[in-house]
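Take a look at the structure below.
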Amino acid sequence: MLGLILLSVALLCASALAAVLVGRSDRAALSIGTVGASLSCALGATVALAALLRGEQSSLKATWPLPVGELHVALDPLSSFFLVCVFLVSGLSAFYGGGYLGAHAGKRRLAPALFYFNVLVASMAVVTVARDGILFLIAWEAMSFSSFFLVTFESEREDARRAGMTYLMASQLGVIFLFVLFALLGRGSGTYDFDTLGAASGPAAGLANVCFLLALVGFGTKAGFWPVHIWLPDAHPAAPSHVSALMSGVMIKMGIYGLLRTLAFLGPPPVWWGALLIAVGAVSGLAGVLHALAQHDLKRLLAYHSVENIGIITLGIGLGLLGQSQGNTTVAFLGFAGGLLHVLNHGLFKGLLFQGAGSVLHGAGTRDIESLGGLYRRMPITASTFLVGSVAICGLPPLNGFVSEWLIYIGAFRGAATLPTGWAIWAIVAVPALALIGGLAAACFVKAFGVVFLGEPRTEAAAKAHEARKAMRAPMLLGALLCLAIGLWPAGAVRIVAPAAAFLGNMSGPIPDAGPLTAITRVGIVLLALVGLLGAARLVLLRGRKVSRAATWGCSYAAPSPRMQYTAASFAQPILALFAPVIHSRVDRQGPDGFFPAEARYEEHLGDMAGERLLLPATRRVVRALSRVHAIQQGRLQLYLVYIAVTLVVLLVWQLSGTGR
Amino acid sequence: MLDLIVHAALLLAVPPLLLGVINKTKAWFAGRLGPPLLQPYRDVWKLLRKGAVYSRSTTWVFRAGPIVSLAAVLCAGLVLPLAANRSPLGFSGDVIVFAYLLGLGRFFTMAAALDTGSSFEGMGASREAAFSALAEPALFLSMAILCVPARSVTFEGAFGALPWTTWGFEHPTYLAAALSLFAVLLAENSRIPVDDPNTHLELTMVHEVMVLDHGGPDFGFVLYGSAVKLFVIGALLVHILLPIPAGGGWRAIALLCGGEIGVAMFIGVVESIMARLRLPRVPQFLVGAAVLASIGLAALFYRGAP
Amino acid sequence: MTGYADFLLLVVVALSLSIVATSRLTSCVRASALQGVALSLLPLALWGRALDRHMLPVVVMSLGTLAVKGVVIPLLLSRAIREANVRREAEPFISLHFSLLIAAALVGFSFWLGTVLVLPRSAPTPLLVPIAFATLLVGFLVLVVRRKAVTQVVGYLMLENGIFIFGQTLVEEIPFAVELGILLDLLVGVFVMGIAINHISREFEHIDTEWLSALRD
Amino acid sequence: MTWVLAFLVLVPAALGLLALAVKELRVGLGILLGGASMHFVATASLWGGAATMQFGTLLQLDVIGLIFLSITSVLFLLVSVYTIPYILQGTHDRQSAPHRFVPCLLGFLAAMTLVSVTQNLALMWAAVEGTTLASAPLVYFYRRRGALEAAWKYLLLCSVGIALALLGTFCLGIAATGISAGGTELTLDALSKAAPSMARPWLKAAFVLALVGYGTKMGLAPLHTWLPDTHSQAPSPVSALLSGALLNCAFLAILRFFQVCLASGDFEFARTLLVVLGFVSIGVACAFMVGQSDYKRLFAYSSIENMGVMAAGVGLGGAATYGAIFHSVNHSLCKAGLFLLAGNVLRAFGTTSAREAHGVLRRLPVTGVLMMALFLAIGGVPPFGPFWSEFLIFRVALTGPHAWVGVLFLFLLVVAFLGMAGALLPMLQRAPGGDVARAAEPKLSVLAPLALAVGALGVGIYLPPALSDALRRAASMLGG
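Chains as they are written, first to last, in the numbering used here: chain V, 193 to 853; chain Z, 63 to 368; chain L, 43 to 259; chain G, 9 to 488.
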């Protein structure tokens, strides 16, 4: 099994290199890269799935030519599960990318994009199987940098470069915490082999807490917890859409994986870790969805929803920890299972949505929601799949998003009912948080889907939009089908997740019951049946009756124009007005004045509070402080000599004072 | 089998009646004679037999809206126990399905509204989105009040655990739950003080304006759907307020219908004696409901009920 | 013979201080030349008693020093002055009196160092270490407070002189070739500096290092 | 076999004098290339030889010296390959004297070689001073005011520093006298033998003076001030040699003194000094790298940073010593390559401002890609060599008594990396202004950087056992 996984990794790297070698011709590079990626992903996904279902645990060691660590990779349920996610979503994105990049062929060298894409997938796979700190960190860095180069693929664009820089800063500052984390963990044994780290039944409590916080920040930066998510809404829109799908679909989940993997080293978790994770999750979820509502850039909106969904995942994991720390297997299992299943689900529908956004960008040439509209009749497949994705991401039945959120809800209710009061409150906090997140998400996606695809086109570009190519449509359809499948057959999905969840809560014995999942299937089927029934009824009723078409009723307004439609901004306004205090909004208005007002305008810029109130000022301050040092290098030879003299005298006095007789 | 038939019959037959009751009550308060009690049935029947006019800018989403939302509320009605503690689709965790089914219906109603491209309907959708998002926490918190002490995630368990012998100030938490559920009911069914179902100025509407363009059978579905929604949430409320025997039977049916009618009359009274709130104040109403429910929950934990 | 040695060392210090105090470039160069001559006598004064043992190194060293420090370098410098035709230091960074005070302080510091760093073996004269440091530090001072390239070279020379004095204690340790190498380095160094000064005076029409502060951050 | 040592020193010197006589450029370049390759071959032949070899009383080579010698030799060969197109079609402006270029280079090589093949501290001092004198004319190769200023500062500051180093050498000699009858020579062995019973004040004074003196040459802050000016004004091949080889020589000189301290038994003070100066250097360099707009200065400051890393590594001791020596190898590979590439960019764009020279990746694809790779390498990105050396040092720092030192170390490295990225990434990635036409890239001018980049990657992926063994032995000699 493990060998096959490594084989597919090797295949990815090989195709990446091949793509570069034939880089002269874009077509060849495109086909080689895409085919290689799709094949190896298909192989990897099937193998990982098989390994997961068979609960395979195998490992492989090799010596390392350098003085640190040794090459150690292994499979366990957790790795296998994340491998399934990685390969599944990557495969879809790669296939989509084949079509998406085809549009760029000739305009720009494609070989780098394909190279970095395959390297990114490979590095993610290695991250999940690595069992040695050094190897893990190397794969991690490879992941960061390949994705960085993908973000700056269209590097001639200013915003892409700035996004890349922000991303680089975030990932590098974040990785500091990880280096420190692993160095601290390996402090005692001097080796970074995960077995030894894990075997030592967790470090002392104090160190464990430090490590947990380090992991929270370090991995949270990649995962996109609020407020260290700041790179995310810039990077995802800048990247090519299939890359955004990959990054948002699985790459940020590597942060979750790392966090979970680290938890395995830290011994039995104190209960406050769970509480903290729940808090982080709730805050990230709400902040993410609120900022998403404020966006008018389709891909930016989706990026903020990644923050939201990471929040939901974290809620689940927090619940799991809460249960685990109290020895409450059921809550632990439900929490972990819900979180993990949401990892998979989010990978599926967020990938699907980003691909849809990519098709919109590719078909209508803009990502600005306000200048789209009425795309449904121009790109029906994209629109329908996007609708499926939207319903799924809002967690509505009968699609997959509902299943994972349902598990988390059940876990929260169980926890509230069975945990000791002090911690039960934390469990119950998850419930209204999820509810509010869900409601806002629904609002946000009604806005996104409705304004982009429904109504009348607001601009020429939107009116001239065309449907995506076949190669782009296929993966979207497949993704939509998978969303529906998981939604209608939760039992199967949970069977995939269960081993990993049990592994996390290191539960021995039978996997606890996740509740009557078949009942969800029943509800879903009944729902679809009712829809079909009513649809049929409608047809029957309308048969033989007069069905005519007319203009939308504009309250008898004579000359309606598409510009009069409700915009995304106005749609979101009531909610944003409610939450104005927590969103950084800058209003720039010039009201009409005088007897003959020349012009009046009203602009509202909704920024990111974490960025514009916290991180940006901090960075500026650091840079200013550093630039103060420049005073010392001001060109005078004499001054430089003074430095030498002063250093000499100071050091002499320091070292010699007291040594005299 | 019999249970199922009874359940379906109640679910399908009773709802329009409630609308009639409300209108009657309001008419009585206003000193008018008012429309006949069964008028809503006639309206629906009439609409179902009409043709339809569709806007040129609409797609199948517009047509799907009423269907999906009606299907969703009917499904929710099948999940919720009506005249007995058992429901056809009930299972451990059905509370959540219930809430999310309502959400599904709302999603498609709003999408359909945006499909027409009319600014009025967009406006309505946006308000609906805001209010319903705020109503969600209240709904879930009050359900938590029901579920946590029962140590169960099913309506069946929750209702079974309701302490009938001593009610009221012994268990203020249930009172809180009932009140915030009632607020949710008003919001979900676009009733005064949240929304005025028969206002005449589109600018002030919330729900009605979303369905301006629907006509014929579609509008029939919409009308019927809102009635069913009212009935379903009302049933949830009735289960909290009245001791409906777990085994079902005539007495249960009578209690349910009586309770529903009582709720409808109460709504009528509220609509008659209250003015609708200004739109900016509606959120406060809903947040207030959520706060009430969370206070109840806090009290629950304070008393260490679980 | 140590009497002569002490006398010479005091002369050296006096000359250093005078260099600090004077503003005329020519007299600075002359003073440094005199210092060179005094230094060239120093080995004889120190090791005269032991001439039989280290005849060759001592004699060669003093002759070489005389040639390099007493004759060649001063000529180079005065030629540089003539070409750049500058007479006196415009205004140093620190006024002459004040720098004289600083120089005195530095001499004091070097005497403290002398108490810390005691020559392990019976030294020819205890003044050796403090004077060496004093010359060195005063040279540093000149380097720092003067603007003209020529004066800076003079300061560098004083620095080297201090080290030279220091080196006197090590006649046995340092192999002969190396000493010559050191002298050669010094000569070439100053020679290159002289060339640089010429270029500077050609580029900037004078040898004021003020103008050499364009490269900065 | 040992005569090779003399050969290594004398041949470049002789060829340099020969080249001084030659006026014809091509012949001079031929001589240069010949000398470089001879030097390279001779150095390579030493790797098979004994652990330490001695020639006469003055020349002596141990494994540390061998490592630094090899770095110098390899760099010099590559640089002289690069120099051929650089001089022949170079853009040297008025009255720059290309025929003086070759002799100075060879003299430079001779001096640097001497530094690494001698263990007589006084002779080593003379050699280091020699490097200054030989390279000063190279810095002033382009007769520009800036170059002149840089050369003047370089000359004066380094001479002063070196003078202090000489003083330090004397102090060591004084400390050693009177221990064994009839004085001791200033060779490393003799001094190490005498070290345990040296008078501590003299020893400390000696190390401080040497540290300040050679530290000036090595570019440790706050003594580094000449370095950015010189590196930015000198011709790129010269900058490459200065940064890649010369700084190492100064570092080697400091290491020699450190060895004596080790032999003396109490070396903690030396370690402390090294760590302090190292961290000061890293911090100062970071401050100047953030918001730096001149790419050659940027690389210069990065050199300061890396010198700080090495000093701190040796100071931290243990595995960090290994890391420090390894890092000096890595740094030489990366930084020399970067400076050579900077030369290509400078020729194509005619400016050293990273803001004006943009679109490198499109104008000069090969140069751009190599520059990106080497930037990542020197930034400590795996799997390039510097990552490993820096990681070793970091690990020791973090697991040492004060964990915060390690955190600070890592943080500063990341800040430096980001500062570099902030200047280089726009320069590389932006769309080229005006004509998008690819500028010409002579094969020879990208060959050397390519080799260096491959080397930096190679030592990261697979460290040859011979090299790692040599590093290990060197580290053990330095108390690692």
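We put the beta carbon where it would ideally sit given N, CA and C, even for glycine.
| Asked | Found |
| --- | --- |
| 7 Å Cβ cutoff, F363/Z in contact with chain V | yes |
| CB of L833/V within 7 Å of CB of V216/G, strictly | no |
| Assumed close pair L109/Z, L298/Z - CB separation to whole angstroms, cut-off 8 Å | Going by Cβ atoms, the distance from L109/Z to L298/Z rounds to 27 Å, so no, they are not a contact pair. |
| Beta-carbon contacts of C342/G that lie in its chain and below 6 Å, excluding the five residues immediately before and after | L382, A385, I386 and A464 |
| For Q249/V, three-class secondary structure by DSSP | coil |
| Sub-7 Å separation of G412/V and R661/V beta-carbons | no |
| As assigned by DSSP and simplified to three states, the class of L250/G | helix |
| Residue of V841/V, A627/V, Q847/V and G587/V minimising C-alpha distance to A176/L | V841/V |
| Environment of R853/V [buried if 16+ CB atoms lie within 10 Å] | Because the pLDDT of R853/V is 43, which lies under 50, any placement of that residue in the model is unreliable, and the question is left without a value. |
| DSSP state of F363/Z mapped onto helix, strand, coil | helix |
| Secondary structure of E364/G, DSSP reduced to three states | coil |
| 6 Å Cβ shell around L475/G - same chain, five flanking residues per side excluded | none |
| Backbone secondary structure at A114/Z - three-state DSSP | strand |
| Supposed close pair L141/G, G231/L - CB separation, criterion 8 Å | 6 Å |
| Alpha helix (DSSP H) segment containing A269/Z, residue limits | In the sequence as displayed, the identity of residue 269/Z is His instead of Ala. Note, H269/Z: alpha helix (DSSP H), H269 to M272. |
| Amino acids of chain V, ordered along the chain, whose beta-carbon sits closer than 8 Å to that of K112/Z | R737 |
| Residues near F135/L by beta carbon distance below 6 Å, same chain, minus five either side | V187 |
| Within chain G, the residues that S232/V reaches when beta carbons sit closer than 8 Å | What S232/V touches in chain G: nothing, since even the nearest Cβ is about 21 Å away. |
| Residue from E248/V, A254/V and A314/V whose Cα sits closest to the Cα of L231/V | A314/V |
| Chain G within 7 Å of L227/L, Cβ atoms only | Looking at the sequence shown, residue 227/L is not Leu but Asp. So, interface residue. |
| Chain V contact residues for V256/Z, given Cβ-Cβ distances below 8 Å | Going along chain V, no residue has its Cβ under 8 Å from V256/Z, so there is no contact; the nearest lies around 13 Å. |
| C-alpha gap between S762/V and M185/Z, whole angstroms | 8 Å |
| C-beta atoms of R453/V and I573/V nearer than 7 Å | no |
| Simplified DSSP state of Q518/V, which is helix, strand or coil | coil |
| Cut-off 7 Å between Cβ atoms - residues of its own chain near S240/G, not counting five sequence neighbours on either side | D302, K304, R305, A308 and T360 |
| C-alpha distance - G508/V paired with P667/V, whole-angstrom precision | 29 Å |
| Residues of its chain near A355/Z, where Cβ-Cβ distance is below 7 Å and the 5 sequence neighbours each way are ignored | A200, L203, S204, I207, A238, A239 and S242 |
| Cutoff 7 Å: Q847/V Cβ touching any chain G Cβ | yes |
| Cβ of A344/G within 7 Å of any chain L Cβ | no |
| Inter-stretch contact at 8 Å, needing at least 3 Cβ pairs: the segment 445-462 of chain V / the segment 294-312 of chain V | no |
| Residue-chain proximity (A375/V, chain B), Cβ-Cβ < 7 Å | The displayed structure is made up of protein chains V, Z, L and G, and chain B is not among them. |
| Where the segment 203-215 of chain Z meets chain V: residues whose CB sits under 7 Å from a CB there | L203, A206, C209, V210, R213 and V215 |
| is_contact[T360/G, chain V] using C-beta, thresh 7 Å | no |
| Sequence ranges, beta strand (DSSP E) only - wholly within the segment 209-275 of chain G, length at least 3 | none |
| H428/V in three-state terms, based on DSSP | helix |
| Beta-carbon proximity list for P116/L, same chain, < 6 Å, skipping 5 on both sides | V71 and A75 |
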